[in-house]
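Here's the structure we're looking at; comments come further down.
In my numbering, the protein residues as written are 12 to 401.
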């Protein structure tokens, strides 16, 4: 995010001496993307961020992907993966993988316990808070997150989730960086006037988060699997930082929808982009106002992409009668033409507004079913356009 911030104590000039009150040098760390060629921040630690005392293997949440074969549209019910009253789950080790490919992994978690310290060394994360509240503690400081918030966490940044009660999370875990679409940005990185959100809508940590401790464990997901690193001192020891790379939150309720006289295509709903995938959201809005408009999506073929919808609020008109409800996840794969369910187009005529809330991920490589997705799949969804049950 090319939007400069400065927090806490930093020296006047980068890569120069920055001393603690006792005269010792703080440890400067550059966290940067694309090999010193993209956004970065400089962090100043009390102790060395490199000092480890131990390491051991760790198995991240299982993926166990299987092909979507035979090719079918799918309806997943992730609420079923977390029975009511089940406790003792955290937002990192408790994730259940729904769908994924080499570019992105989609997981769901219902958590009520603090997570371990965690570092995703594979890519950025974009976590949508469906329900509940949590504090995301990071090496940059703390972020408060609640219903409707996207929390964007850069690759390689140590953090942990601390729920207040129970929190429901939809996790978009990339193998790349996640950022605003380039068409929303000036050539220098400012969000433009036509963008559906701006810098004022982004919330970043407000003050350093200083913790004490020794032999502190950090769970690391990396390209070789998973490892627990034991740090000599607590990694949350940053007295100050500045730069353009940091965690931030954006509320879906601050996204300003783009509407038109006739039905607008999904790219107008885009909020973020990653490598070979995009993230869109559908929010409450006025709909098409041409006198002959049909204010629901027309049938469309995903020639180049798989489409995943997470229905997280309101009433999604185009899927009425299909069994989809709040908490559902649908997969409409490339190779299948999907459109409104029977009767929906006629019922929608004259509609002036919709009260829907959904997060969409479109991928440009086929998605496979994760272990969680296979465990909560509705076997009848593919036949709901013809009202047939197999």
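By construction, the Cβ of each residue, glycine as well, lies at the ideal position given by its N, Cα and C atoms.
Limits of the unbroken beta strand (DSSP E) element including residue i
i, result
"residue 122", "115-122"
"residue 382", "Residue 382 -> not in any beta strand (DSSP E); alpha helix (DSSP H) instead, spanning 382-386."
"residue 38", "38-43"
"residue 267", "Taken as a continuous stretch (DSSP letters only), residue 267 belongs to no beta strand (DSSP E), as it is neither H nor E."
"residue 367", "367-374"
"residue 244", "236-244"
"residue 130", "128-131"
"residue 292", "288-293"
"residue 25", "First-last for residue 25: undefined, no H or E at that position."
"residue 50", "First-last for residue 50: undefined, no H or E at that position."
"residue 322", "317-325"
"residue 66", "63-68"
"residue 340", "340-343"
"residue 86", "85-87"
"residue 110", "107-111"
"residue 33", "Neither: residue 33 is in no beta strand (DSSP E) and is coded neither H nor E."
DSSP state of residue i mapped onto helix, strand, coil
i, result
"residue 396", "coil"
"residue 334", "coil"
"residue 92", "helix"
"residue 57", "coil"
"residue 227", "strand"
"residue 308", "coil"
"residue 279", "helix"
"residue 141", "strand"
"residue 212", "helix"
"residue 194", "helix"
"residue 233", "strand"
"residue 183", "strand"
"residue 14", "coil"
"residue 170", "strand"
"residue 201", "coil"
Length of the line joining the Cα atoms of residue i and residue j
i, j, result
"residue 334", "residue 384", "16 Å"
"residue 71", "residue 187", "18 Å"
"residue 103", "residue 300", "44 Å"
"residue 73", "residue 95", "22 Å"
"residue 310", "residue 26", "56 Å"
"residue 120", "residue 190", "23 Å"
"residue 179", "residue 83", "27 Å"
"residue 356", "residue 306", "8 Å"
"residue 324", "residue 32", "51 Å"
"residue 116", "residue 35", "43 Å"
"residue 308", "residue 280", "13 Å"
"residue 293", "residue 283", "13 Å"
Bounding residues of the alpha helix (DSSP H) (the contiguous stretch that carries residue i)
i, result
"residue 358", "355-359"
Close-in-space but distant-in-sequence residues of the same chain around residue i (CB under 6 Å, 5 per side omitted)
i, result
"residue 101", "122, 124 and 126"
"residue 304", "273"
"residue 134", "166, 185, 186 and 187"
"residue 90", "338"
8 Å CB neighbourhood of residue i in its chain, flanking five on each side removed
i, result
"residue 3", "The structure shown has nothing for residue 3, since the chain only spans 12 to 401."
"residue 216", "18, 149, 151, 152, 153, 154, 257 and 258"
"residue 237", "68, 69, 70, 71, 230 and 231"
"residue 43", "49, 50, 51, 52 and 256"
Neighbourhood of residue i by C-beta distance below 7 Å, restricted to the same chain and skipping five residues each side
i, result
"residue 77", "379, 380 and 385"
"residue 59", "38"
"residue 375", "287, 288, 315 and 316"
Closer than 7 Å to chain C by CB, residue i
i, result
"residue 218", "Going by chain labels, chain C is absent from the structure shown, which holds only one protein chain."
- Message: Under 8 Å, with one C-beta from each stretch per pair, do the region 43-53 and the region 349-362 reach the 3-pair mark?
- Response: no
- Task: Examine the Cβ distances between the region 266-280 and the region 202-213 and report whether three or more of them are shorter than 8 Å.
- Result: yes
- Task: Count the CB pairs spanning the region 237-252 and the region 217-229 that are closer than 8 Å, and state whether there are at least three.
- Result: yes
- Given 8 Å, three or more beta-carbon pairs between the region 356-370 and the region 60-69: no
- Query: Is it true that the region 128-135 meets the region 166-178, where meeting means three or more beta-carbon pairs spaced less than 8 Å apart?
  - Reply: yes
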